[in-house]
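Sequential numbering of the sequence shown, starting at 1, is according to the UniProt record's numbering.
Structure, as structure tokens:
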Amino acid sequence: RNVGLAKSRVRTVNFRRTNFQLFKESLDGIHWETVLKGVGTEQSWQLFKDTLLRVQELSISQQKKSSKGGGQPAWLSKDLQLKLKEKKETYRKCHIEDDFLVQNVVVQMFRDRIRKAKTQMGLKFSGDVKSNKKWFYRHIGRRRQAKQSVPPLINEKGELASSDMEKTEVLNKCFASVFTGAQASHTCQDPEPLGEGERRGIPPTVTAEQV
1 RNVGLAKSRV
11 RTVNFRRTNF
21 QLFKESLDGI
31 HWETVLKGVG
41 TEQSWQLFKD
51 TLLRVQELSI
61 SQQKKSSKGG
71 GQPAWLSKDL
81 QLKLKEKKET
91 YRKCHIEDDF
101 LVQNVVVQMF
111 RDRIRKAKTQ
121 MGLKFSGDVK
131 SNKKWFYRHI
141 GRRRQAKQSV
151 PPLINEKGEL
161 ASSDMEKTEV
171 LNKCFASVFT
181 GAQASHTCQD
191 PEPLGEGERR
201 GIPPTVTAEQ
211 V
């Protein structure tokens, strides 16, 4: 049993199976002048966004992507995984017995094996790039996969918004202020270079300028 490897499932939009005709007809069939008549800017944006999401669910299918522990590097073979397991067990025993000399030897041996495995993968990669293009693009695609998220924000009350719904409300108000002309200021907890943010004690801010 692998403990600590969280298995996550992500649903992404599959544009290859999109019904563009249904998407276009659904939006063209809405009389926006009648729907948005007498409605404020923020409510108009909310109505348009909700309608667009509903049409998207109807016309654009979704597919599941499953990943376990963020994936494994290409150079990590099954044999090297077994060696890694043995290395962790030996390292743990040496740490309990305070045998630091053996610890350093084990760590250095495993580092050499990792370096050798990476070198072999690089040679294979350069040799097979012309003959096996499918493997090449699959390898590049795995390296491009990355999960990005919006950092925590601070709302108008000065409270930290960490959940998706709270961050959505903060961003919606910020976007709506651009159309209404209201001045809105929200703080984003975006990490700065080490020591700089802590030394000043002031988090970076994102301000919607008046237009």
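Beta carbons are placed, not taken as given, at the ideal position from N, Cα and C, and that holds for glycine.
- With fewer than 16 other beta carbons inside 10 angstroms of its own, V105 counts as exposed.
- Annotation: the continuous alpha helix (DSSP H) that includes H95 extends over K78 to I96.
- In this chain, N19 is not harboured by any alpha helix (DSSP H), its DSSP state being neither H nor E.
- Inter-residue distance for V170 and V39 is about 20 Å (C-alpha atoms, whole angstroms).
- Under the three-state reduction of DSSP output, L36 falls in the coil class, being neither helix nor strand.
- Beta-bridge analysis with DSSP links A176 to no other residue.
- Q62 has its alpha-carbon roughly 29 Å from the corresponding atom of V35.
- Comparing alpha-carbon positions, the option among I60, Q43 and Q46 lying closest to L22 turns out to be I60.
- I114 sits in a helix when the DSSP states are folded into three classes.
- Between the segment 103 to 117 and the segment 72 to 85 there are three or more inter-stretch CB-CB distances shorter than 8 Å, so the stretches are counted as touching.
- In this model, Q120 and K88 are separated by some 23 Å (Cα to Cα).
- Comparing alpha-carbon positions, the option among K167, K133, D28 and K116 lying closest to L52 turns out to be D28.
- In its chain, beyond the 5 residues on either side, V106 have a beta carbon closer than 6 Å to the beta carbon of T90.
- Take F20, set aside five residues on each side of it, and the residues of its chain with a beta-carbon closer than 8 Å to its own are S59, in chain order.
- Using a Cβ distance threshold of 7 Å, F179 and T41 count as a contacting pair.
- No residue range can be given for K157, since it is assigned to no alpha helix (DSSP H) and is classified by DSSP as neither H nor E.
- R17 and D50 have their alpha carbons spaced roughly 22 Å apart.
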